[in-house]
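Chemist: Structure in structure tokens, see below.
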Amino acid sequence: MEQSQLLTLLEGKRDAFVSGEEISRLLGVSRTAVWKQIRKLEAEGFAIEAVPRKGYRLTGRPSRLNAAELQSKLGTTAFGRHLHIREVVTSTQDVLRKLAEEGAPEGTLVIAERQDNGRGRMGRSWVSPPGRGVSMSLLMRPDVPLQLAPQLTLLAAVALCRSLGRETGLPIGIKWPNDLLVDGRKISGILLESATEDERLRYVAVGLGIAVNLDADDYPEELLARAVSLKMAAGRAFDRTALIAAVLLEFEQLYAVYKERGFEPIRILWETYSVTLNRTVALNAGQGFFEGVPRGLDESGGLRVELPDGGVRTIYSAEIGDAAPLPDAKG
939 MEQSQLLTLL EGKRDAFVSG EEISRLLGVS RTAVWKQIRK LEAEGFAIEA
989 VPRKGYRLTG RPSRLNAAEL QSKLGTTAFG RHLHIREVVT STQDVLRKLA
1039 EEGAPEGTLV IAERQDNGRG RMGRSWVSPP GRGVSMSLLM RPDVPLQLAP
1089 QLTLLAAVAL CRSLGRETGL PIGIKWPNDL LVDGRKISGI LLESATEDER
1139 LRYVAVGLGI AVNLDADDYP EELLARAVSL KMAAGRAFDR TALIAAVLLE
1189 FEQLYAVYKE RGFEPIRILW ETYSVTLNRT VALNAGQGFF EGVPRGLDES
1239 GGLRVELPDG GVRTIYSAEI GDAAPLPDAK G
């Protein structure tokens, strides 16, 4: 039995329930096979109501992104104007890098409804059921030296934070360097991968993952304490096309500011939206944990951390967590 056969059957019944027994008989498969295909359809973003002794009913289809609709909403000059929307990819980063090597222009955008191998920082995976989140990669060709690449990560974080905050009304903050949080839970991931030549950046693939309309049961249980969607946080669903258009416009405008005035305006904005600064945190920069108080960014994009002895250490890559609690006082 193919998913298309089951979907056609459910759609043909419109709003009526179809029992598992009837589906089995009509399609010539076992009840177990029916259940497995139902689960696969749900994973694809179809909403299917299951009621004991009644059966299954299709109540909603995944919302598919449409290239013409998205481009009609764009206010950008370059970002998103060369657009590739795919149903399934291994990773939007992989597709974009191939296009970049073939000479794709700056602003080329790849969006996928489903990634089979989507990835984030530190090799982590990203949860994004079809039709509910945004998984996209944007091509940049900045004329900057390799050592300034961290600035682009911070630029991406500011652009995403400002645009999503404006569109949703949520109190979104940036955890260093580029995680976006709502009330301490992550709603977005950013991954920059670059190609270099002679200590210059040839291009940068900016991967953006946004948890838009996910529900609690879309997340593995172990992630619910650390992750949340815009829908869960705001109590309402959002138009993914409008969000993408808003993100691209903010990103392009800030990128223009960066090229004209350098990193300083981006640094100020990042510090304004940061939830990392001026509190004691634990950091792991690859050589063991240490504690300190992040005070701000330096001119290259590194995080300046004040150490317990009063010294300052600048880091460019680290995991940040809560500091260890103080021991209970003994009477």
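If you read the sequence shown in our numbering, its first letter stands for residue 939, the second for the next number, and so on. Ideal placement from N, C-alpha and C gives every residue a C-beta, glycine not left out.
Roughly how many angstroms lie between the CA atoms of R1019 and L1090, to the nearest whole one?
Modeler: Residue 1019 sits at position 81 when you count from the first residue of the sequence shown. Residue 1090 sits at position 152 when you count from the first residue of the sequence shown. Straight-line Cα distance between these residues: approximately 20 Å.
Chemist: Smallest Cα separation from S1075: which of G1111, P1067 and A1038?
Modeler: Here residue 1075 is taken as the residue at index 137 of the sequence shown, counted from 1. S1075 has its Cα closest to that of A1038, out of G1111, P1067 and A1038.
Chemist: Would you be able to state if there are at least three C-beta pairs under 8 Å between the stretch 1092-1108 and the stretch 1182-1201?
Modeler: As far as the Cβ criterion goes, the stretch 1182-1201 touches the stretch 1092-1108, which means the pair count is three or higher.
Chemist: Three or more C-beta pairs closer than 8 Å, one from the stretch 1211-1231 and one from the stretch 1043-1051: is that the case here?
Modeler: The stretch 1211-1231, when compared against the stretch 1043-1051, does not touch it at the 8 Å Cβ threshold.
Chemist: Just mark T1106 as buried or exposed, buried being the case when its beta carbon has 16 or more other beta carbons within 10 Å.
Modeler: As a working mapping, residue 1106 is identified with position 168 in the sequence shown. The residue in question, T1106, is buried, as its Cβ has 16 or more Cβ neighbours within 10 Å.
Chemist: Check the C-beta distance from P1068 over to R1052 and give it rounded, since I have them as a contact under 8 Å.
Modeler: On the sequence shown, position 130 is the one that residue 1068 refers to. On the sequence shown, position 114 is the one that residue 1052 refers to. Contact holds; Cβ gap of about 5 Å.
Chemist: Quick check on DSSP: helix, strand or coil for S1001?
Modeler: Indexing the sequence shown from 1 puts residue 1001 at position 63. Coil at S1001, not helix or strand.
Chemist: Using DSSP bridges, identify the partner residues of D933.
Modeler: Residue 933 lies beyond the range of the chain shown here (939 to 1269); nothing can be said about it.
Chemist: Counting C-beta neighbours from all protein chains within 10 Å, is the total for T946 16 or more, i.e. buried, or is it exposed?
Modeler: Position 8 of the sequence shown, counted from the start, is the residue given in the question as residue 946. Answer is exposed; the Cβ neighbour count stays below 16.
Chemist: Less than 8 Å between the C-beta atoms of V1213 and K1113, yes or no?
Modeler: Translated into positions along the sequence shown, residue 1213 becomes position 275. Translated into positions along the sequence shown, residue 1113 becomes position 175. Taking 8 Å as the Cβ cut-off, V1213 and K1113 qualify as a contacting pair.
Chemist: Give me the Cβ distance between I1128 and L1146, rounded to the nearest whole Å; I'm assuming they're in contact under 8 Å.
Modeler: Numbered from its first residue, the sequence shown carries residue 1128 at position 190. Numbered from its first residue, the sequence shown carries residue 1146 at position 208. Confirmed, Cβ separation roughly 6 Å.
Chemist: Around the Cβ of G1248, are there at least 16 other Cβ atoms within 10 angstroms (buried) or fewer (exposed)?
Modeler: The residue given as residue 1248 occupies position 310 in the sequence shown. Exposed: under 16 other Cβ atoms inside 10 Å.
Chemist: Taking the runs of the alpha helix (DSSP H) that are 4 residues or longer, which of them lie wholly in the stretch 941-979?
Modeler: List check, alpha helix (DSSP H) in window: 941-950 and 958-965.
Chemist: What number of angstroms, rounded off, separates the C-alpha of E949 from the C-alpha of K1197?
Modeler: Stepping through the sequence shown from its first residue, residue 949 is reached at position 11. Stepping through the sequence shown from its first residue, residue 1197 is reached at position 259. Roughly 52 Å between the two C-alpha positions.
Chemist: Can you check the stretch 1105-1156 for any beta strand (DSSP E) of at least 3 residues that lies completely inside it and give the ranges in chain order?
Modeler: With a minimum length of 3 residues, the continuous beta strand (DSSP E) runs that stay inside the stretch 1105-1156 are 1110-1113, 1117-1120, 1123-1135 and 1138-1148.
Chemist: List the endpoints of the continuous alpha helix (DSSP H) containing Q1225.
Modeler: Within the sequence shown, residue 1225 is the residue found at index 287, counting from 1. That residue, Q1225, is in no alpha helix (DSSP H); it is neither H nor E in DSSP.
Chemist: Taking DSSP as the reference, what is the three-state secondary structure of A1270?
Modeler: Residue 1270 cannot be examined here, being either before or after the span of the chain that is shown, 939 to 1269.
Chemist: On the DSSP bridge assignment, give the partners of E1244 in chain order.
Modeler: Residue numbering aside, residue 1244 sits at position 306 when the sequence shown is read from its first letter. DSSP, once it has assigned bridges, lists V1231 and V1250 as partnering E1244.
Chemist: Within its chain, find whatever has a CB closer than 8 Å to the CB of A1016; leave out the 5 residues flanking it on each side and keep chain order.
Modeler: In the sequence shown, residue 1016 corresponds to position 78, counting from 1. Cβ neighbours of A1016 beyond the five flanking positions: P1043, E1044, G1045 and E1190.
Chemist: Cβ of L1003 within 8 Å of Cβ of G1071?
Modeler: For the purposes of this step, residue 1003 is taken as residue 65 along the sequence shown, with counting starting at 1. For the purposes of this step, residue 1071 is taken as residue 133 along the sequence shown, with counting starting at 1. Cβ distance not < 8 Å, so L1003 and G1071 don't count as in contact.
Chemist: Taking Cβ positions, are L1118 and A1171 nearer each other than 8 Å?
Modeler: Position 180 of the sequence shown holds residue 1118. Position 233 of the sequence shown holds residue 1171. Contact: no.
Chemist: Could you tell me if L1012 is buried or exposed, where buried requires 16 or more neighbouring beta carbons within 10 angstroms of its beta carbon?
Modeler: In the sequence shown, the residue the question calls residue 1012 occupies position 74. Buried, by the Cβ-count rule.
Chemist: Are L1215 and I1253 close, meaning C-beta to C-beta below 8 Å?
Modeler: Stepping through the sequence shown from its first residue, residue 1215 is reached at position 277. Stepping through the sequence shown from its first residue, residue 1253 is reached at position 315. No; because the gap between Cβ atoms is not below 8 Å, this pair is not in contact.
Chemist: Go ahead and label T1210 buried or exposed: buried means 16 or more other beta carbons lie within 10 angstroms of its beta carbon, across all protein chains shown.
Modeler: As a working note, residue 1210 is residue 272 in the sequence shown. The residue in question, T1210, is exposed, as its Cβ has fewer than 16 Cβ neighbours within 10 Å.
Chemist: Give the list of continuous beta strand (DSSP E) stretches no shorter than 3 residues that lie fully inside the stretch 1003-1049.
Modeler: Within the stretch 1003-1049, the complete beta strand (DSSP E) runs of at least 3 residues are 1021-1027.
Chemist: Reducing DSSP to helix, strand and coil, say where P1067 ends up.
Modeler: In the sequence shown, counting from the first residue as 1, residue 1067 sits at position 129. If DSSP states are grouped into helix, strand and coil, P1067 belongs with coil.
Chemist: To the nearest angstrom, how far is it from the Cα of S957 to the Cα of A971?
Modeler: Indexing the sequence shown from 1 puts residue 957 at position 19. Indexing the sequence shown from 1 puts residue 971 at position 33. Approximately 14 Å between the Cα atoms of the pair.
Chemist: From the DSSP output, which residues share a beta bridge with R1052?
Modeler: On the sequence shown, residue 1052 is found 114 positions in, with the first residue counted as 1. The partner list for R1052 (beta bridge, DSSP) reads V1026.
Chemist: Mind checking I1206: buried by the 16 CB within 10 Å criterion, or exposed?
Modeler: Counting from 1 along the sequence shown, the entry for residue 1206 is found at position 268. Looking at its Cβ environment, which holds fewer than 16 other Cβ atoms inside 10 Å, I1206 is exposed.
Chemist: Are G1230 and E1244 touching if we call contact CB-CB under 8 Å?
Modeler: Taking the first residue of the sequence shown as position 1, residue 1230 is located at position 292. Taking the first residue of the sequence shown as position 1, residue 1244 is located at position 306. Contact flag set, yes.
Chemist: Check for me: the alpha helix (DSSP H) holding V1072 runs from which residue to which?
Modeler: In the sequence shown, residue 1072 corresponds to position 134, counting from 1. Taken as a continuous stretch (DSSP letters only), V1072 belongs to no alpha helix (DSSP H), being part of the beta strand (DSSP E) at V1072 to M1078.
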